[in-house]
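Below is one structure; the comments refer to it alone.
Residue numbers (the numbering used here): 13 to 199.
In structure tokens form, the structure reads like this:
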């Protein structure tokens, strides 16, 4: 009996790659029968974070030729409106479509978040004065600037997801992004 050294799932003797995470399988003859997987150590937050961050790698489902031919299109999927390039230029590529789906979901989420953020900050300005001046009302100015900074920092999540997607596409991996992978916009 073999186990994946990356995710710890049980492997069949015929598996060349882990069907759960896509890592190359090491069978007992290759690894002296030892299971080198170690469970994550840490607090509940750390374990929950690892649960969301460790997403399925579906690279084994894609043709190697498709991956190598459409890697550039997959990369473009995570750069804003350029998500349309793989949708239009490589409509028959499963690999490009996989990344385009994630890139499109990310782009739509980013635009929606930008609109919500702008409305929230606009409403705050309307309620407390269009000109938020520190010298007129320092408390309101500090609260507004703190809201602006915090919501701006939260938007970095989209940047991090885009970078992760670009890295996965550049490496020829079809690894799902956390949270985003649950959204299927393209068939």
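Idealized CB from N, CA, C, for every residue including glycine.
Quick one: is residue 131 buried, meaning 16 or more other Cβ sit within 10 Å of its Cβ, or exposed?
Answer is exposed; the Cβ neighbour count stays below 16.
Restricting to Cα atoms, I'd like to know which of 119, 139, 106, 159 is closest to residue 171.
When the alpha-carbon of residue 171 is set against those of 119, 139, 106, 159, the nearest one is in 119.
Is any beta-carbon of chain B found at less than 8 Å from that of residue 187?
Of the protein chains in the structure, only one exists, and it is not chain B.
Go ahead and label residue 17 buried or exposed: buried means 16 or more other beta carbons lie within 10 angstroms of its beta carbon, across all protein chains shown.
The Cβ neighbour count for residue 17, taken over all protein chains shown within 10 Å, is at least 16; the residue is labelled buried.
Count the other CB atoms, across all protein chains shown, that sit within 10 Å of the CB of residue 100; report buried if there are 16 or more and exposed otherwise.
By the 10 Å Cβ count, residue 100 comes out exposed.
Leaving out five residues before and five after residue 43 in sequence, what residues of the same chain have Cβ atoms less than 7 Å from its Cβ?
Confidence at residue 43 is low in this model, with a pLDDT of 44, below 50, so the placement of that residue is unreliable and no value is reported for it.
Helix, strand or coil at residue 85 according to DSSP, with G and I counted as helix:
In the displayed model, residue 85 falls within a helix according to three-state DSSP.
Helix, strand or coil for residue 137? Go by DSSP, reduced to three states.
Helix, per DSSP.
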